[in-house]
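Input: a single structure, listed below in structure tokens.
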Amino acid sequence: MAPPRALYSAGQQARSGLHHRIRSVVAALCLVATAAACTTPRLDVPRPFSEAWPRPEETTLGREFAKELAGHPGQSGVYPLASGMEAFTLRASLAESAERTLDLQYYIVQADATTQLLLYRVLRAAHRGVRVRLLIDDLYALGKDFDLATFSAYTNIEVRVFNPFLRRGGWGLSQLLEFLGDSTRLNRRMHNKLWVADNAGAIVGGRNLGDEYFDAHGEVNFADLDILAAGPVVRDISRSFDDYWNSEWAVPIEAFVTVPPGAEQLAAFERDLEARLERFRDTDYARALRETRFGFRLRSGQLPLIPANASALYDPPAKISGAEAAPRQVFASRLRPIVDAAQREVILISPYFIPSEEGIAVLSTLARRGVRVRILTNSLASTDYIPLAYAGYARRRARLLAAGLELYEMHPEPRDATGSGRPGASSGAYLHTKAIVVDRRHVVIGSMNLDPRSRRDNTEVAMLLESAEFGARLGALFEEAVRPTRAFRVTLAVPGEETGIIWISEEAGQEVRYNHEPLAGFWRRLLSKLLGAFAPEDLL
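For the sequence shown, my numbering assigns the number 553 to the last residue and increments by one with no breaks.
Next up, the structure:
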């Protein structure tokens with residue numbers, strides 16, 4: 014089999030002048046710097062074609078979900094997963110209930126406790142004959158080749174990495190030079206997040222696999238949202254997985270391992286997972302999980318699914334190539350008419366909110382005709398990385414407020430409704446939810462941020478559904494998220510009283526007002542201002 018053409022062609026489009034010469038020099042340096050330490054991976058390994066299980070109605074999951082949806086022909090069933098514990102338990106339960114297939118697609122797969130426990134459930138499924146396909150974006154898979162190859166060496170398990178670096182090992186000079194020499198390709202990543210069992214039940218949303226996504230991190234957790242789906246929409250979701258799995262961009266992990274793992278490595282790998290499970294059983298987090306009995310409710314058909322008209326939205330894998338044709342149209346063509354037709358309210362939730370000029374115009378037009386446009390994003394204090402994305406949002410903030418939009422920024426230390434802690438609770442939190450709610454009837458939940466990277470560079474997947482019941486549920490979650498103890502309300506100052514932009518919160522029952530980004534240190538605020546003033550727009 015010939016090496017995947019796209020891995021070589023995407024970054025070698027015609028360039029001219031100094032820009033082309035610089036990249037050529039960098040690419041040459043990459044080869045020189047790494048020739049002694051690395052070998053080019055074997056991209057000609059077999060990549061057998063496979064598809065989702067074609068008869069989900071023959072599985073236990075398929076039958077149970079069909080019973081719940083019997084009175085709603087043509088509709089799918091959905092359930093929101095706002096709790097990290099619920100999101101963890103549902104993934105584990107789907108793995109335990111699977112009889113034919115498990116298809117997992119993720120941007121990040123950590124090596125921490127919750128991820129290892131989920132992989133242990135997946136491994137047990139493979140032992141009883143379930144076919145497992147795991148697809149991971151290579152950006153966060155670098156340095157994990159042997160561990161992934163070990164997992165893939167078990168019977169019934171296959172692992173592929175998407176859009177791989179050709180130079181392996183953990184992040185270092187080799188990878189940096191390759192990135193600089195081929196940034197057209199390597200800057201584009203697979204951001205999709207899917208967990209699908211038997212082509213009968215699927216989880217779609219914002220969560221990667223890691224402690225911070227399941228409320229199990231000791232310091233900082235992500236406020237996130239997934240959706241459990243059953244019924245016809247799952248076939249569309251599985252079709253998206255198949256498209257990525259069988260694309261030329263998905264390369265078996267075996268291509269990157271010179272010596273495959275043997276029986277001793279497999280036995281040690283499984284013993285380590287079992288030991289981690291034993292240590293986990295006596296934790297407060299594990300006890301709280303058992304008390305919820307959430308997994309039992311799924312397996313026994315007692316989870317109250319909400320009927321909805323639902324469809325899957327996803328970018329084609331070829332978006333990675335940088336072709337101009339398709340990237341924005343999949344989402345924009347489906348969502349723009351729904352947003353334009355809003356009558357009462359549009360809710361936007363995104364950790365990184367950097368609307369395009371066209372997007373600002375659309376939202377401003379809605380506000381002018383009386384539609385309430387409400388936006389929740391991260392504050393400078395709660396954003397999780399160097400505040401480049403926040404700087405892009407801050408550039409637009411005054412214009413958005415002047416246009417009549419309502420802005421809320423997440424408090425970095427939110428409290429739950431009772432003010433009490435919970436197992437796994439941390440002292441800080443980041444917003445990671447990605448959702449759109451129109452008139453509390455049309456809902457989009459998925460992996461896409463409302464920023465240039467999701468629009469232009471990364472591939473994404475989401476569910477679009479129509480349900481007044483589900484829309485009301487999401488609206489209630491939003492109202493809770495923007496309470497004064499959980500989010501800052503951002504407003505323009507009242508002329509003659511204050512200047513600039515004001516952040517309003519509530520502490521100890523009293524209103525508190527800030528005239529600069531609250532709870533963010535001086536240097537962080539300074540960096541954000543510098544980035545906002547000087548960072549090129551295409552970096553945001």
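Beta carbons: idealized from backbone N, C-alpha and C, even for Gly.
Residues Trp66, Pro69, Thr72, Leu74, Gly75, Ala111, Glu112, Arg113 and Thr114 of the same chain have their beta carbon placed closer than 7 angstroms to that of Asp211, with the five preceding and five following residues left out of the count. Ranked by Cα distance from Trp258, the first of Arg289, Ile458 and Pro329 is Pro329.
By the neighbour-count criterion, in which 16 or more other beta carbons inside 10 Å mark a residue as buried, Lys332 falls on the buried side.
Residue pairing for Pro265: DSSP places it in a beta bridge opposite Arg173.
Counting only runs of at least 3 residues, the segment 434-483 fully encloses the following beta strand (DSSP E) elements, listed from N- to C-terminal order: 441-444, 448-451, 455-459 and 474-479. Following the DSSP letters along the chain, one finds Gly231 in no alpha helix (DSSP H), marked with neither H nor E. Between the segment 233-243 and the segment 133-147 there are fewer than three inter-stretch CB-CB distances shorter than 8 angstroms, so the stretches are not counted as touching. Only residues of its own chain outside the window of five on either side were considered, and among them Ser363, Pro364, Tyr365 and Lys447 have a CB closer than 7 angstroms to the CB of Asn462, listed in chain order. Contact annotation: Arg409 and Ile367 have beta-carbon atoms nearer than 9 angstroms. Taking C-alpha positions only, Leu418 is separated from Arg412 by approximately 9 angstroms. Between the beta-carbon of Pro177 and that of Val264 there is about 5 angstroms, and that keeps the pair under the 8 angstroms contact cut. The shortest CA-to-CA distance from Phe164 to any of Ala500, Ser96 and Val270 is the one to Val270. For the pair Val143 and Tyr421, the Cα-to-Cα distance works out to about 45 angstroms. Residue state for Asp239 is assigned as strand, using DSSP reduced to three classes.
Boundaries of the beta strand (DSSP E) around Ala215: Gly214 to Gly218. Given a length threshold of 4 residues, each whole run of the alpha helix (DSSP H) inside the segment 144-198 is given here in chain order: 158-165 and 186-194. A direct Cα-to-Cα measurement between Ala299 and Gly218 gives close to 23 angstroms. Pairwise C-beta distances place the segment 90-108 in contact with the segment 220-232, as three or more of them are shorter than 8 angstroms.
Excluding residues up to 5 positions away in sequence, Ser518 lie with their Cβ nearer than 6 angstroms to the Cβ of Val525 in the same chain.
Spatial neighbours of Phe307 in its own chain (CB-CB distance under 6 angstroms, excluding positions within 5 residues in sequence) are listed in chain order as Glu99 and Thr102. By the neighbour-count criterion, in which a residue is buried when 16 or more other Cβ atoms sit within 10 angstroms of its Cβ, Phe344 is buried.
Fully contained in the segment 76-126 are the following beta strand (DSSP E) runs of length 3 or more, in chain order: 89-94 and 114-119. For Val343, the enclosing alpha helix (DSSP H) stretches over residues Gln342 to Asp353. With fewer than 16 neighbouring CB atoms inside 10 Å of its own CB, Gln342 falls in the exposed class. By the beta-carbon neighbour count (other beta carbons within 10 angstroms, threshold 16), Gly405 is buried.
Each residue's CA atom was taken as its position, placing Ile216 and Val507 some 45 angstroms apart. In the same chain as Asp150, and ignoring 5 residues on each side of it, the C-beta atoms closer than 6 angstroms to its own belong to Tyr120, Phe175, Arg202 and Met203, in chain order.
Assignment of beta strand (DSSP E) within the segment 375-401, counting only whole runs of 3 or more residues, yields 385-391 in chain order.
In this structure, the beta-carbon distance from Val503 to Trp516 falls below 9 angstroms.
Less than 9 angstroms separates the beta-carbon of Arg453 from that of Ala485. In terms of Cβ geometry, Ile170 and Ala139 form a close pair [threshold 9 angstroms]. For Ser324, DSSP records a beta bridge to Leu477. The beta carbon of Gly97 is closer than 6 angstroms to those of Phe227 and Asp228 in its chain, skipping five residues each way along the sequence. The Cβ neighbour count for Asp297, taken over all protein chains shown within 10 Å, is under 16; the residue is labelled exposed. Judged by DSSP secondary structure, Phe501 falls within the beta strand (DSSP E) whose first and last residues are Ala500 to Leu505. For Gly545, same chain residues with a beta-carbon under 6 angstroms away, outside a window of 5 residues either side, are Ala404, Ala407 and Arg408 in chain order.
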